[in-house]
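Chains as they are written, first to last, in this note's numbering: chain U, 3 to 320; chain D, 1398 to 1953.
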Amino acid sequence: MSGYLGRRIAETVFLLWLMSFLIYALIGLMPGDPIDLMLSADPEITAEDAARLKALQGLDRPLIERYGFWLQGAVTGDFGYSRLYARPVVDVIGPRLVNTLILMGTSLVLALLLAIPAGIVAALYPRGLTDSTVNLLAFAGFSVPSFWLGLILIIVFAVQLGWLPAGGTAPVGSTDLLDRLRYLILPVLTLTLLAAGTFVRFVRAAMLEALREDFIRTARVKGLSRTAVVVRHAMPHAMLSLVTIVALNVGSLFSGSLVVETIFAYLGMGKLIYDSIMGNDYNLALAALLIATLVTLLANLVADIAYGWLDPRIDYGG
Amino acid sequence: MRRPWPWTILALAALLLLGGPAVARERLTIGITQYPSTLNPNIDSMAAKSYVLGFTHRPITQFDADWELQCWLCLELPDLDAGTAEVVERDDGTKGVRTRYTLHPEARWGDGTPVTTRDVAFTIEVGKHEQSGFSNAELYRRVVELEIIDDKTFVIESEKLTFLYPAINDLRLLPEHLEREVFEADPATYRNRTLFDTDPTNPGLAMGPYRITSLETGAFITLERNPEWWGKEPAFDQIVIRTIENTAALEANLLSGEIDMIEGSLGLALDQATAFEARHGERFRVFYKPGLIYEHIDLNLDNPILADRRIREALIRSIDREALSRQLFDGRQAVAHGNVNPLDWVYTEDIPTYGEDLDAARALLDEAGWTEIRDGVRHNAAGEPLRLTIMTTAGNRSRELVQQVLQSMWQRVGIDVAIQNEPARVFFGETMSKRRFPAMGMYAWISSPENVPRSTLHSEEIPTEANGWAGQNYPGFVNAAMDALIDEIEITLDRDAREQLWHELQRLYAEELPVIPLYFRADAHIWPEWLAGVAPTGHMGATSLTVENWHVAGGG
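Shown next, in the form of structure tokens:
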């Protein structure tokens, strides 16, 4: 097991380096730079100013040279300054990461709490009224565009009923936990409904497949109760595929949800990554994307370990 | 027996969660779609920053809502006739100018330190430094000498005498007593360490009616009255500027009462605003301010088809811009017949105008040799189709809509126009700036009152590989008469003489048609019924500069 872990950690470090280079190169190869965009907004900025500003921000140097400088700093923990936010990258990412963790983590947990029982019940009574209803709601959940669902929730709960705030992370100047909770309800609800729709379908399909397995028939023949068959035998088997889906979703947990964050003016990682790429903020984009990459790789590692725990046939010891 | 307590707790929790605090009128909450990347007045150029600084900072000079140059921090504008400005003859025959300014005697920073000529000297020192990161350093480069008379009076000698000699709009003062230490520690990283970004709530950075008391980057900025403000007392105790980038969400926030108003230059698109007014006009006032944002189509004059003036005229005569403005923008955006806004004092109506005239367009195309029509598209004698491409910024709903209407209008006279859009950063960063657009590029120029179009029309401003793609004359317009007019306007001080030159420039522009003028964009300001005194400017000088006049209607 320790050999396996060591190999995976080495792979992770290599992949992170590769990703950093690819991301830097891809952003660098995009046409235009921040100064070009500034020029388009203000015709009074002269060509001389543009050249001076490009030199000042190192934009006149070759891409590989700029990447070298960045890598040198990054290995010592200095991720540089964010050009868009005029602050150190770490200071910009920290609060956004916390906000995203709260928003996406809560949504993920709620979506699983909703999807697992609903998927199991649907699988236990296939093609019945319950199954049809769960399927319909699940389809609605993952088919509805997030921006539309978000806006509808805002119109109903913020504009019409006036119960909840339309957007933001907290009232201006407030640090009260209850205030922050009020601002979380609508974005969490939007993301939960969207994610639950996808999870329900996976849980249902996996449970249906598990319930058809020979070992389930054997368990039934041995006289185990239905609950015991489902909980102790079918569920662990079905959870294998769910673990894969959740592991993949954890990556997006950290990169946030661009659309929902924009609609609810929620300060999370999704919007930060989008803005940093569009604004050619190399330092910020790199650090944010590398965090998302690292978390995805770690989540996959945890999922692999979980497979071994859920399925005794899998062994990493060899 | 059922125990009621869990339900009571749930109900209480729901009340706590759902019940919002009452919003008092002491606070005004403004919604905008952009958050400033920096609050330093001289680094980066963006509308959101100008808007925030309008509340907290004062320029020495700037144009007002009537597009007249005014003193905001000085006592009077320098004047050659009054002797507060004088022409300087140089050895090489050129003329410079010395202008004298006196800062307001009561002007103080928010920590009580007087605003003095030390701040002026420091700001010019930073502006002239190659590594300071100031975005527009042209003004600083032109300063030949600064003479300090006393704590409040100074004289600037500029290397070039232009009609705008009293304007030093880009000289935005920095508090020397706070920023010098930061700057001198390392000028190259000053832009990252300026107190405006690292300590933005420092009262010593403010010299406007308000000062920043709290902020959350990307979300909001809270402003409170600046106790050291020397001018008229503003009406609101607190102003909150909230950033909500999605305009549909911005509208929902306004309707739910989370924000009180939407700033026009950073708010809803015009079609969204007219739809909003139709639905909620009884609750809010929608004020449309025509501005200096000139929507137009650049024509690439290196394209052999567009090099022919007759084709350029045919293009403009085959479109109905009045109908376009009426139907898409409820007639709120004035059709442009040239590059000068009708609200600008140098504007003249005495120029050729081109209304929709399909017969004239067809005649021009025939005359230019595009006579044969096959499958609805004109062809010339060589069998080449009259096919052009129009480009704009992808995702800009208004422009894409206009583009589609124009395409169908041109189709009526046999001009086949293909739409090819690109993201803004590609369109501006590569395609337009390197003149890689094959035929037509639609976008807007933002300018200030009486803005001389040197960068966009002078032949020396055509971007080429040889000049490092400098300049913004994207059509590649070369006209000696236009060059001479631009050079002459800049140095003509006599108002009447200059007005005549401006009229000539507009006539030449309309005759040569290097671009297709579309319209002057209007900003839609949305205010609650109870708010009064807001005077939008329609130019790059922020509306917030007159915040001390904003008040609750009927409340003085």
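The C-beta atom is built at its ideal place from N, Cα and C for all residues, glycine as well.
On a predicted model such as this, the values are computed, not experimentally measured, just so you know.
{"Check": "Express the C-alpha separation of M32(U) and P1749(D) in angstroms, rounding to a whole number.", "Outcome": "42 Å"}
{"Check": "Report yes if the CB atom of R1796(D) is closer than 9 Å to the CB atom of E1692(D), and no otherwise.", "Outcome": "yes"}
{"Check": "Hey, is the segment 192–209 of chain U in contact with the segment 78–86 of chain U, meaning 3+ C-beta pairs nearer than 8 Å?", "Outcome": "no"}
{"Check": "Which residue marks the beginning of the beta strand (DSSP E) containing P97(U), and which one marks its end?", "Outcome": "Counting along the chain, P97(U) falls outside any beta strand (DSSP E), though it belongs to the alpha helix (DSSP H) covering 91–126."}
{"Check": "Taking only the alpha-carbon atoms, compute the straight-line gap between D181(U) and L1450(D) and give it to the nearest angstrom.", "Outcome": "29 Å"}
{"Check": "Closest to D1717(D) by CA distance: which of A1758(D), N1736(D), P1739(D) is it?", "Outcome": "A1758(D)"}
{"Check": "Which runs of the alpha helix (DSSP H), 4 residues or longer, sit entirely within the segment 248–299 of chain U?", "Outcome": "260–265, 271–280"}
{"Check": "From P1846(D) to D1772(D), what distance separates their C-alpha atoms?", "Outcome": "47 Å"}
{"Check": "For chain U, find out if any of its Cβ atoms is closer than 9 Å to the Cβ of G1381(D); answer yes or no.", "Outcome": "This structure cannot speak to residue 1381(D), because chain D is shown only from 1398 to 1953."}
{"Check": "Taking C-beta to C-beta, are P1572(D) and T1499(D) nearer than 9 Å?", "Outcome": "no"}
{"Check": "Since G79(U) meets chain D, which of its residues come closer than 8 Å, beta carbon to beta carbon?", "Outcome": "Near G79(U) there are no residues of chain D at all, since even the closest Cβ is about 17 Å away, more than 8 Å."}
{"Check": "Return the Cβ separation of M1658(D) and I1427(D) in integer angstroms, given the expectation that the two are a contact with Cβ distance under 8 Å.", "Outcome": "5 Å"}
{"Check": "From what residue to what residue does the alpha helix (DSSP H) around I66(U) run?", "Outcome": "65–77"}
{"Check": "Run through chain U and tell me which residues come within less than 9 Å of T1789(D), C-beta to C-beta.", "Outcome": "Those within 9 Å of T1789(D) in chain U number zero; the least Cβ separation is about 12 Å."}
{"Check": "Helix or strand or just coil, what does DSSP make of S134(U)?", "Outcome": "helix"}
{"Check": "Nearest by alpha-carbon distance to P1850(D): which of R1832(D), N1870(D), F1681(D) is it?", "Outcome": "N1870(D)"}
{"Check": "Short check: CB of G30(U) to CB of S1434(D), under 9 Å?", "Outcome": "no"}
{"Check": "Quick one: residues in its chain with C-beta nearer than 7 Å to the C-beta of L292(U), no 5 flanking neighbours on either side, listed in chain order?", "Outcome": "L18, M21, S22"}
{"Check": "Give the C-beta separation of I1923(D) and G1688(D) to the nearest angstrom, bearing in mind that I take them to be a contact with Cβ-Cβ under 8 Å.", "Outcome": "With 8 Å as the limit, I1923(D) and G1688(D) do not qualify as a contact, their Cβ atoms being about 16 Å apart."}
{"Check": "Consult DSSP for G1951(D) and reduce its assignment to one of helix, strand or coil.", "Outcome": "coil"}
{"Check": "Among I1440(D), N1533(D), D1596(D), S1447(D), which residue has its Cα nearest to the Cα of L1575(D)?", "Outcome": "D1596(D)"}
{"Check": "If I'm right that A1836(D) touches I1787(D) with Cβ under 8 Å, what's the distance once you round it to whole angstroms?", "Outcome": "7 Å"}
{"Check": "Nearest by alpha-carbon distance to L250(U): which of L163(U), A289(U), L303(U) is it?", "Outcome": "L303(U)"}
{"Check": "Once the 5 residues before and after T1943(D) are set aside, which same chain residues still bring their CB inside 6 Å of it?", "Outcome": "A1932"}
{"Check": "My understanding is that P238(U) touches L312(U), with C-beta atoms under 8 Å, so please give their C-beta distance in whole angstroms.", "Outcome": "5 Å"}
{"Check": "Name, please, each residue of chain D whose Cβ falls closer than 7 Å to the Cβ of I157(U).", "Outcome": "A1649"}
{"Check": "So what does F1617(D) bridge to, in DSSP terms?", "Outcome": "E1613(D), R1639(D)"}
{"Check": "With DSSP run on the structure shown, which of helix, strand or coil describes H1922(D)?", "Outcome": "strand"}
{"Check": "Within 9 Å (strictly less), CB to CB, does K224(U) reach chain D?", "Outcome": "no"}
{"Check": "Three-state secondary structure (DSSP) at Y1432(D)?", "Outcome": "coil"}
{"Check": "Which class does L1803(D) belong to by DSSP, given the choice of helix, strand or coil?", "Outcome": "helix"}
{"Check": "Select from the segment 1588–1616 of chain D all residues with a C-beta closer than 8 Å to any C-beta belonging to chain U, and list them in chain order.", "Outcome": "R1588, N1589, T1591, D1594, T1595, S1611, E1613, T1614, G1615, A1616"}
{"Check": "Among residues of its own chain, excluding the 5 on either side of D1516(D), which ones have a beta-carbon nearer than 7 Å to its beta-carbon?", "Outcome": "L1570, L1571, P1572, E1573"}
{"Check": "Anything in the segment 212–239 of chain U with a Cβ closer than 7 Å to a Cβ of chain D? List those residues in chain order, please.", "Outcome": "none"}
{"Check": "Buried or exposed, going by whether 16 or more other CB atoms sit within 10 Å of the CB of R1639(D)?", "Outcome": "buried"}
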